[in-house]
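What follows is one structure encoded as structure tokens, with my remarks underneath.
Numbering (the working numbering), first residue to last: 38 to 450.
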């Protein structure tokens, strides 16, 4: 498949627009510097799941980590009064970040869904949180990174903001109206779990297999709870990637270990009390909602098989390559929720998507049957009944109404 940057391919053709997007993309072949930068980026994505260097808020603010990985700069969209064009503003350094992390390299940025809270993560797993209080280019500190220890085992491999229980603005798919694309807005209800007091909460998974929940109390002070992911052997506790997504039935977590194994968890966050009345703050100032984790019995362990093109170019009956390629490394892990089918009234099970890539320097240019640079492997979660040996039917059950629980399986495609 040719790349967009190759000669003869116009990026405007992808959108069917006659007018140019004026992106200013160069049409020259990739240079050695770009190849070196690609290899460095793939290496970062291989070592750590949380390595997003630039994050775009829905409020129009862009935060990105500087080249020296010690500072965070902010830019925002603004309309130029002279000609009415939308442009990016000048850089605004976020000075409290460098002071809060004490010179530790910054590795990850993440906005919440509303786009008002920014989480900054360094290479030691310390997290600082900032809030857009007054203007887009001015962020106020909410949580200091000094609360977290400096330890490689606490590196963040997966992160997700908990949604706030309020409707958010969204847009439907664009439709052509009188020759122009129109986006119809609507208000969407977010998916729980929610903080009972309507405060911010951040869920993290560390390299050592610890799940952390950072949450803000009604008095604006931050607290934390943590727990160890269940049923993980000692050799598989060294994680490199984690994907987290919220559903109506709890939080789904998929992890990838250094032993090339994928684990799946279903976690529920329970708050005590589940409801919070602001008037309680005057009656009991120190009694705030306290969260706790509840792990569901739906964890699945699956060995990760990375496909590889065979020497003769042959494949197996199911269309998969006949061997595995040790050069492939996981660079991205996601959980994709299926869309609800309104016509059938059903929702299919979620997918676990894994992207495996080969570094540019690992594939020789003279290879006739060169393997693809990236391979996407997906697993679909299916509920399957437990099948017992027929001899168990001869054993008298203690309970006549005993039911066999279903198990969760992962189907690769």
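The beta-carbon is built from N, C-alpha and C at its ideal position, and this holds for glycine as well.
Outcome for residue i when other beta-carbon atoms lying within 10 angstroms are tallied against a minimum of 16
i	result
residue 136	exposed
residue 296	exposed
residue 394	buried
residue 221	exposed
residue 236	buried
residue 309	exposed
residue 231	buried
residue 87	buried
residue 164	buried
residue 219	exposed
residue 424	exposed
residue 82	buried
residue 116	exposed
residue 197	buried
residue 291	buried
residue 217	exposed
Where residue i sits in the DSSP three-state scheme
i	result
residue 79	helix
residue 10	This structure gives no information on residue 10, because the portion of the chain shown stretches from 38 to 450.
residue 74	helix
residue 424	coil
residue 130	strand
residue 186	coil
residue 379	Any reading at residue 379 is ruled out, since the residue's pLDDT is 45, under 50, leaving its predicted position unreliable.
residue 106	coil
residue 397	helix
residue 35	Within the shown structure, residues of the chain are numbered from 38 to 450, placing residue 35 beyond reach of any answer.
residue 84	helix
residue 227	coil
residue 413	strand
residue 159	strand
residue 295	coil
residue 142	coil
Paired residues, beta bridge with residue i - DSSP
i	result
residue 303	289
residue 386	None, per the DSSP bridge assignment.
residue 337	301
residue 98	113
residue 176	169
residue 253	259
residue 329	307
residue 247	265
residue 118	Paired residue(s): none; residue 118 is not in a bridge.
Span of the beta strand (DSSP E), counted from its first residue to its last, around residue i
i	result
residue 238	238-243
residue 214	212-214
residue 371	366-373
residue 195	193-198
residue 217	217-219
residue 92	91-93
residue 232	Here residue 232 belongs to no beta strand (DSSP E), and DSSP marks it neither H nor E.
residue 281	276-284
residue 266	Here residue 266 belongs to no beta strand (DSSP E), and DSSP marks it neither H nor E.
Residue i: CB within 8 Å of a non-hydrogen atom of the ligand FMN
i	result
residue 103	In the structure on display, the ligand FMN does not appear, and there are no ligands present to speak of.
Endpoints, alpha helix (DSSP H) assigned at residue i
i	result
residue 150	Unbroken run through residue 150: none, as it is neither H nor E.
Cβ neighbours of residue i in the same chain (closer than 6 Å, five flanking residues each side left out)
i	result
residue 94	148, 152
residue 327	309
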